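What follows is a single structure, written as structure tokens, with notes after it.
Numbering (the numbering used here), first residue to last: -17 to 259.
Here it is as structure tokens:
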């Protein structure tokens, strides 16, 4: 596909159901600290004007609002009216005056004002041509501006020692996301995407969510919630048969297995990449 199709021709593969938006909230609680470290090391600082690409329900925009402070500005963009309605309500409830949201494809819209930084989390994996999208996005930056993205690699998810149910759920999620057209290993591909977009080779970092035992049950819940979101597509695509997975008991069954085996949960590889234009 050409660069004009970088975002608009590929819908968000996980949808915007209430279940998915709740899952995103749980995900943000676990992943925001990692994203924050990536953004801070990239150079996002107070007073900056930042474009948040693929804002969804606003988690990254809210994080960015804290980083840029009251003298900065965050402009969030997404193609989903449903998600942006939720994002606007959340920002209003928090009393944030430095965040606004616009509906549209940021690779196609002409911004009224150039920005100091462009940021996004789990966005490029859903774009058919990430390099083309980055090439378009960088035109919104002021000279010396920062471009930073946080993506993941499903190949990093595992338990030590292995736990069959958790491993199978991760494999099912990854296969479904692949079949829906997204890239499950976008994190390691950030380097080539930046370079192919005409951006200087990025600095990169890798982190992961790690835990064990009942105190870290929320890390298992994150996978179980994703299975619930994707289950209709799993059944439609023939990845599982109908009623094969009991999602109501999935979380406690995974926890029982992990506790009985004494396993350590190692989540997907969380990879950040950033560069200056």
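Yeah, the Cβ is synthetic: ideal placement off N, Cα and C, and Gly gets one too.
Because the structure is a prediction, the values reported are computed rather than measured.
CA-to-CA distance, residue 105 to residue 130, given in whole angstroms: So the alpha carbons of these two residues sit roughly 11 Å apart.
Residue from 168, 237, 102, 16 with nearest C-alpha to residue 120: When only C-alpha atoms are compared, the closest one is 102.
Whole-angstrom C-beta distance between residue 254 and residue 187, which should lie under 8 Å: About 5 Å; that satisfies the 8 Å criterion.
DSSP three-state assignment for residue 247, whether helix, strand or coil: In the structure shown, residue 247 sits in a strand (DSSP, three-state: E or B).
Within 9 Å, strictly: CB atoms of residue 117 and residue 24: In terms of Cβ geometry, residue 117 and residue 24 do not form a close pair [threshold 9 Å].
Between the CA atoms of residue 9 and residue -9 - distance to the nearest angstrom: Caution is warranted here: a pLDDT of 42 is assigned to residue -9, below 50, making its placement in the model unreliable, and no coordinate value can be reported.
Residue 219 - DSSP class collapsed to helix/strand/coil: DSSP, reduced to helix, strand and coil, places residue 219 outside both helices and strands of the structure shown, so it counts as coil.
Contact belief for residue 56 with residue 43 at Cβ below 8 Å, rounded distance in angstroms: Between residue 43 and residue 56 the Cβ distance is about 5 Å, and since that is below 8 Å, they are a contact.
Strand pairing of residue 70, partner residues [DSSP]: Residue 70 is not bridged to any residue.
C-beta contact flag for residue 133 and residue 19 at 9 Å: No, the Cβ-Cβ distance between residue 133 and residue 19 is not below 9 Å.
Limits of the unbroken beta strand (DSSP E) element including residue 101: Note, residue 101: beta strand (DSSP E), 97 to 103.
Test item: CB-CB of residue 99 and residue 73 under 9 Å: It is not a contact, given that the beta carbons lie outside the stated cut-off.
Assigned exposure category for residue 227 - 16 Cβ within 10 Å defines buried: With a threshold of 16 other beta carbon atoms within 10 Å, residue 227 meets it and is buried.
Nearest-angstrom beta carbon gap, residue 109 and residue 158 [assumed within contact, 8 Å]: So it is not a contact: roughly 18 Å between Cβ atoms.
Alpha-carbon to alpha-carbon, residue 142 and residue 247: Taking the straight line from one Cα to the other gives about 7 Å.
Ranges of the alpha helix (DSSP H) found wholly within the segment 108 to 188, counting only runs of at least 4: Listed in chain order, the complete alpha helix (DSSP H) runs (minimum 4 residues) inside the segment 108 to 188 are 112 to 119, 146 to 161, 172 to 178.
Exposed unless 16 or more other CB atoms sit within 10 angstroms - verdict on residue 90: Residue 90 is exposed by the Cβ-count criterion.
8 Å contact criterion, which residue 85 and residue 111 should meet: CB distance rounded: About 22 Å; that fails the 8 Å criterion.
Three-way DSSP call (helix, strand, coil) for residue 48 in this model: In the structure shown, residue 48 sits in a helix (DSSP, three-state: H, G or I).
Any non-hydrogen atom of the ligand NAD within 8 Å of residue 205 CB: What this structure holds is no ligand at all, so the ligand NAD is not there to describe.
CB contact flag (residue 242, residue 194, <9 Å): With contacts defined by Cβ atoms closer than 9 Å, residue 242 and residue 194 do not form a contacting pair.
Beta-bridge partners of residue 255, as assigned by DSSP: Residue 255 pairs with 131, 186.
Residue 163 and residue 204 closer than 9 Å at C-beta: No, these two residues do not count as a Cβ contact at 9 Å.
Rounded separation between residue 27 and residue 233 - CA only: Linking residue 27 to residue 233 through their CA atoms gives a straight-line distance of about 38 Å.
Beta-carbon contacts of residue 80 that lie in its chain and below 7 Å, excluding the five residues immediately before and after: Correct list, in chain order: 47, 50, 52, 54, 55, 56.
Cα-Cα separation between residue 126 and residue 202, rounded to whole angstroms: Cα to Cα, the separation comes out at about 41 Å.
Contacts around residue 236, its chain only, beta-carbon distance under 8 Å, and the 5 residues preceding and following it disregarded: 145, 147, 148, 151, 202, 205, 206.
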